[in-house]
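> The structure is given below, and queries will be raised subsequently.
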Amino acid sequence: LTMNLSLDQPIAFIDLETTGLNPSFDRIIELSVVKVRPDGSEEMKSVRLNPEMPISAGTTRVHGIKDADVAGGPNLPAVRQESAGILGWV
């Protein structure tokens, strides 16, 4: 991927995969971040999270992530500090 950006500050692109579409109920199962700096360098991080709830078959058909794919992963609170660091919030 080639980006022709003129940046004064870093920019982050975030992609989430979730257990569904209801933000009040569903949870994040994959968090991916690409941070692009003004010098053109990039930092990428992607982590699968254990949502601590079942992933429906319909949702798995959309993104292909199954319960077994995230069963041994960390939950969101366990990676929150690391994610904030990548984004430059800490």
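Heads up, the sequence shown stops at 100 in the working numbering, and the numbers go up one at a time, no gaps.
Glycine included, C-beta positions come from ideal geometry on N, C-alpha and C.
(1) I'd like to know whether the C-beta atoms of arginine 37 and proline 61 end up nearer to each other than 7 Å.
(2) Between valine 57 and the rest of its own chain, which residues show a CB-CB distance below 6 Å, the 5 nearest in sequence each way excluded?
(3) Considering only their Cβ atoms, is the gap separating lysine 55 from proline 20 smaller than 7 Å?
(4) Based on the DSSP secondary-structure assignment, which residues constitute the bridge partners of valine 57?
(5) Confirm, please, whether the CB-CB distance from isoleucine 39 to isoleucine 8 is below 7 Å.
Taking the definition as stated:
(1) It is a contact, given that the beta carbons lie within the stated cut-off.
(2) These residues qualify, in order along the chain: Leu41, Val89.
(3) No, the Cβ-Cβ distance between proline 20 and lysine 55 is not below 7 Å.
(4) Valine 57 pairs with Leu41.
(5) An answer regarding residue 8 cannot be provided, because it is not within the stretch 11 to 100 covered by the chain.
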